[in-house]
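Trainee: Okay, here's the structure, questions in a sec.
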Amino acid sequence: MSTTNDATLAPRPLAQQRRRNLPMSAAFGWLAAGWRDLWRQPGPSLIYGLAVFLLSAAIIYGLFQLHLDYILFPALAGFMVVGPLLAVGLYQKSRDLEAGQPVSLRRMLFVRAASGGQIWFAGALLCVLMLLWMRAATIIYALFFGLRPFPGLQDIVPMLTETNYGLAMLAVGMAVGGLFAAFSFAISCFGIPRLLDEDVDAFTAMGSSISMVTNNLPVMLTWAAIVLVLGGLSLVTGLVGLIIIFPLLGHASWHAYKAIR
Numbered sequence: 004m005s006t007t008n009d010a011t012l013a014p015r016p017l018a019q020q021r022r023r024n025l026p027m028s029a030a031f032g033w034l035a036a037g038w039r040d041l042w043r044q045p046g047p048s049l050i051y052g053l054a055v056f057l058l059s060a061a062i063i064y065g066l067f068q069l070h071l072d073y074i075l076f077p078a079l080a081g082f083m084v085v086g087p088l089l090a091v092g093l094y095q096k097s098r099d100l101e102a103g104q105p106v107s108l109r110r111m112l113f114v115r116a117a118s119g120g121q122i123w124f125a126g127a128l129l130c131v132l133m134l135l136w137m138r139a140a141t142i143i144y145a146l147f148f149g150l151r152p153f154p155g156l157q158d159i160v161p162m163l164t165e166t167n168y169g170l171a172m173l174a175v176g177m178a179v180g181g182l183f184a185a186f187s188f189a190i191s192c193f194g195i196p197r198l199l200d201e202d203v204d205a206f207t208a209m210g211s212s213i214s215m216v217t218n219n220l221p222v223m224l225t226w227a228a229i230v231l232v233l234g235g236l237s238l239v240t241g242l243v244g245l246i247i248i249f250p251l252l253g254h255a256s257w258h259a260y261k262a263i264r
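Each number in the working numbering comes from the position in the sequence shown (counting from 1) with 3 added on.
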């Protein structure tokens, strides 16, 4: 009897401890909670979203001015890699609302993370990951088209969709980009919010984020699909949609972290 009780009281494996058995529909609940946070004292969130839009527009303008338009698509994809870091101020607002603390744009811009500088170290790692993806995209282009100059945005679609080399490059690029996207999503989805919320090091936070994502895969795949669709909607609107969509996803991501942790 004692042995049975001991087995019953034994701690569950860490993987089981992080399995929440949430339905896939829970991801829409996070989105709804993010929507509520967005419109509770909306000014700071909308200003934050406007700043992200202006920063994105300035970077795209700079790429064209420097004749670096050939890295535009990898750069847009790379935005998804560093997005969780850019959203840290939005996590702060949701955290303050949850704790009944006053909300201000100053607190959102000058975040004091519980982990100290570890959150910025994690951000630096995400930036390196984004640069690696952009370099990989350039190498993939060179493998299929050699030293052929980038044809410009007006000719890139026919080149990719109407030639065998273009279709092959699309397939390889999407496969490699998907791996980068999946890895960055897994390490940062909960890693950055945890660094804001708890005094842990960057590698511990990123490792636990991977564990939380993989042990709650159905709901996290749903959440990733929501992020992808809303990100695509931002592109369709010429990034203007970021003014609302980025704060919405940032606030919702905080609620996703609180639900899974």
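For every residue, glycine included, the Cβ atom is placed at its ideal position computed from N, Cα and C.
None of these values were measured; they are calculated from a predicted model.
1. Give every residue of the same chain whose Cβ lies closer than 6 Å to the Cβ of A78, excluding the five residues on either side of it in the sequence, and list them in chain order.
2. Report the three-state DSSP secondary structure of P47 (helix, strand or coil).
3. Assuming A184 contacts M111 under a Cβ cut-off of 8 Å, what Cβ separation, rounded to an integer in Å, is found between them?
4. Do L88 and P250 count as a contact pair if the criterion is CB distance below 8 Å?
5. When the Cα atoms are used, what is the spatial distance from R43 to E165?
6. Could you check if Y260 is buried or exposed, using at least 16 other CB atoms within 10 Å of its CB as the buried criterion?
7. Decide yes or no for the touch test of the region 56-71 against the region 99-118: beta carbon pairs closer than 8 Å, at least 3 of them.
8. Which runs of the alpha helix (DSSP H) at least 4 residues long sit entirely within the region 116-152? Give them in chain order.
9. Apply the 10 Å Cβ neighbour rule to L71 and answer buried if 16 or more other Cβ atoms are within range, or exposed otherwise.
10. Hey, L34 and A262 are a contact pair by Cβ (cut 8 Å); roughly how many whole angstroms apart?
11. Can the beta-carbon of A90 be found closer than 8 Å to that of V222?
12. Within this structure, are the beta carbons of L199 and A116 separated by less than 8 Å?
13. Going by DSSP, what residue range makes up the alpha helix (DSSP H) through A227?
14. Could you say which of L233, W226 and L150 lies nearest to P26 if we only look at CA atoms?
15. Would you give the residue range spanned by the alpha helix (DSSP H) that T166 belongs to?
16. When DSSP labels each residue in this structure, what does S5 get in the three-state scheme?
17. Whole angstroms are fine: how far does the CA of L150 sit from the CA of F186?
18. Beta-carbon within less than 8 Å of V85's beta-carbon, same chain only, minus the 5 sequence neighbours each way: which residues are those?
19. By Cβ distance, which residues of its chain are closer than 7 Å to I229, with the 5 residues on each side in sequence left out?
Mentor: Working from what's here:
1. none
2. helix
3. Actually they do not touch by this definition, with Cβ atoms about 26 Å apart.
4. no
5. 49 Å
6. buried
7. no
8. 121-148
9. exposed
10. Contact doesn't hold; Cβ gap of about 12 Å is too wide.
11. no
12. yes
13. L220 to V239
14. W226
15. Run containing T166: none; DSSP gives neither H nor E here.
16. Per-residue confidence for S5 stands at a pLDDT of 44, beneath the threshold of 50, marking its modelled position as unreliable; the derived number appears in the next sentence. In this structure, S5 counts as helix in the three-state DSSP scheme.
17. 30 Å
18. G126, L129, C130 and M133
19. A30 and L34
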